[in-house]
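Participant:
Residue numbers (my numbering): 5 to 571.
(1) Per DSSP, what kind of secondary structure is residue 14 in: helix, strand or coil?
(2) Are the stretch 456-463 and the stretch 525-544 in contact at 8 Å, needing three or more beta carbon pairs?
(3) Can you tell me which of 112, 213, 234, 204 puts its alpha carbon nearest to the alpha carbon of residue 168?
(4) Does residue 476 come out as helix, strand or coil in the three-state DSSP assignment?
(5) Measure the beta-carbon distance from residue 131 to residue 96 and round it to whole angstroms, keeping in mind my assumption that it falls under 8 Å.
(6) Which residue comes first and which comes last in the alpha helix (DSSP H) that contains residue 161?
(7) Give the straight-line distance between the Cα atoms of residue 442 and residue 494, rounded to the nearest whole angstrom.
(8) Could you work out which residue in 254, 124, 261, 449 is closest to residue 595 when comparing CA atoms only?
(9) Measuring straight from C-alpha to C-alpha, what distance separates residue 60 and residue 145?
(10) DSSP has residue 456 in a bridge; who is on the other side?
(11) Under the assumption that residue 246 contacts residue 175 (Cβ atoms under 8 Å), give the Cβ distance between them as a whole number of angstroms.
(12) Hey, out of 171, 274, 381, 230, whose CA is closest to residue 393's CA?
(13) Determine the DSSP secondary structure at residue 546, reduced to helix, strand or coil.
(14) Report yes or no: do the stretch 145-156 and the stretch 102-115 share at least 3 C-beta pairs separated by less than 8 Å?
(15) Once you ignore the five residues that flank residue 71 on each side, which residues in its own chain have a CB closer than 7 Å to its CB?
(16) Using C-beta distances below 7 Å, list every residue in its chain close to residue 52, excluding the 5 sequence neighbours before and after it, in chain order.
(17) For residue 373, is the classification buried or exposed, using 16 other Cβ atoms within 10 angstroms of its Cβ as the cut-off for buried?
(18) Please state if the CB of residue 439 and the CB of residue 339 are separated by a distance shorter than 7 Å.
(19) Just tell me which of 19, 63, 41 has its CA closest to the CA of residue 472.
(20) Just verifying my parser: in three-state terms, what is the DSSP assignment at residue 227?
(21) Within the continuous alpha helix (DSSP H) that includes residue 350, where are the two ends?
(22) Considering only the alpha carbon of each residue, which of 273, 117, 519 lies closest to residue 456?
(23) Who are the Cβ neighbours of residue 262 in its own chain at under 7 Å, not counting the five residues just before and after it?
(24) Over what stretch of residues does the beta strand (DSSP E) that includes residue 555 continue unbroken?
(25) Which stretch, first to last residue, makes up the alpha helix (DSSP H) that contains residue 67?
(26) Got a sec? Which residues, its chain only, sit under 7 Å from residue 351 by beta carbon, not counting five neighbours each side?
(27) Please list, in chain order, all residues of the same chain as residue 133 whose beta carbon is under 8 Å from its beta carbon, the five residues on each side excluded.
(28) If you follow the alpha helix (DSSP H) that residue 378 is in, where does it begin and where does it stop?
(29) With a threshold of 8 Å on Cβ separation, who are the neighbours of residue 530 within its own chain once the five nearest residues in sequence on each side are excluded?
(30) Give me the Cα-Cα distance between residue 550 and residue 506, rounded to the nearest whole angstrom.
(31) Quick check on the DSSP output: the alpha helix (DSSP H) that includes residue 187 runs from which residue to which?
(32) Quick one: using the 10 Å Cβ neighbour count with 16 as the cut-off for buried, is residue 119 buried or exposed?
(33) Grab the span of the alpha helix (DSSP H) containing residue 515 for me, first residue to last.
(34) Buried or exposed: residue 454, going by 16 or more other Cβ atoms within 10 Å of its Cβ?
(35) In three-state DSSP terms, what is residue 249?
(36) Counting C-beta neighbours from all protein chains within 10 Å, is the total for residue 114 16 or more, i.e. buried, or is it exposed?
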């Protein structure tokens, strides 16, 4: 049993890790231009805030960011930093979950786990990103920690809290189901190990299996009230988040409508999920598994090499060297390997963010690996082995230095650069902040169309409702991202055309030549043609709309009210 002083020191280390995580995630949080995926979700959050209407659409994932950001926008206004703040907060609090495992890990391992979750470059980068991967990983990890803590303390309240937090995981992203499957699969492997080694302990396969089943059955009965509370908490969270708006608020005033709202937030949400992400759903998974797996391994190698190395050392030490291997460490190792193998098969695009789901479980055996090095250093110190002490210190410093250097490079020095191992192709490669600020100043001062998109790449034909993800599916509207997030924030009126010259008699189609829009956006290949049909007052700036291609030109009327920066 650790002394009170040592336990207090460990708690302090965890607290410092959380503070470091907060700083790393909030410093310059709004500097990077929105990624394509951030922008589409952000745009629809703005639409929800304006209309008060929301319904679950699986293609844009769970409702957590919609409801939380809709509230934040109402208080703090909409900005890149505010939109990312919920993910940054949850990502910064993730290291605190290490404290939940203090009965299963020693003091050094708890502190190391908190530090790894705070400093890992993948977790830092995607905690500064308005996506739900860090959210679902953090909530699922916390739910596991609360369940473990319930077993360690025999307190049912932890299990109720675990149910509520797992419910939050399900409100963020659909792969919360994958986390539950991973937990079940890793538990099955632990059982399999006990069955496989039964003969070495002079026990029969049948007896070990029967004993485990009996223990599970008696445990379920003994914990029946806490389990019921956890299940209830889970469903309350799910219904509150998934229930459509404004129907949910109407039902609170008129309880007779609650059954329909509850059904929409449960069975209705499941139907929507399955029709999109189910085995025969509309989401495409026609891709090369090997290519996606290779992408994930490259990302792990480039951004989390030290974590992976420490995890391998920790897992092997626990499995083959420890007198009594701990279930938690083996469980996390199985979970991590399964995540690396499974996610390339179930994701619809190759996003570096999927590595988050392997990094989080890897942190537990990696913490054990750190403790192995610390133990070697302590042993060398006690035996007056200066070389051994120096080597252990060098390994630890190199690990921290590598994480720090990669974090600085990926999150702060080159967060939009194509050479950044964590940048996905939907990230704009240029800093277009100055031009976006001009649009935000010009739009309120202008009457009529504020932004005109020119060219087939951006033009959207036919009727569509940009507030409805289904309405714009398959249209060129998505090619404009992330610009719609910024133009919507500015309340700018947008239009598009494929005509350069003035329309013929009787044709009311707009054109570049006749537009009064103070901002014209087109692909760089159209620069000369557009330039010739705009007045001399227009000046163009060239940007990379994605990390790998799609170079655009944004022409802005330099004489338009609002163009100049306020003094």
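For glycine and all other residues, C-beta sits at the position ideal for the given N, C-alpha and C.
Facilitator: Let me lay it out:
(1) helix
(2) yes
(3) 234
(4) coil
(5) 7 Å
(6) 160-176
(7) 10 Å
(8) One cannot answer for residue 595 here, as it falls past the ends of the chain, which runs 5 to 571.
(9) 24 Å
(10) 499, 524
(11) 7 Å
(12) 381
(13) strand
(14) yes
(15) 245
(16) 58, 70, 74
(17) buried
(18) no
(19) 63
(20) coil
(21) 331-350
(22) 519
(23) 255
(24) 555-561
(25) Note, residue 67: premise wrong, no alpha helix (DSSP H); not H, not E.
(26) 296, 358
(27) 39, 42, 88, 91, 357
(28) 360-386
(29) 458, 459, 557
(30) 31 Å
(31) 180-200
(32) buried
(33) Counting along the chain, residue 515 falls outside any alpha helix (DSSP H), and DSSP gives it neither H nor E.
(34) buried
(35) strand
(36) buried
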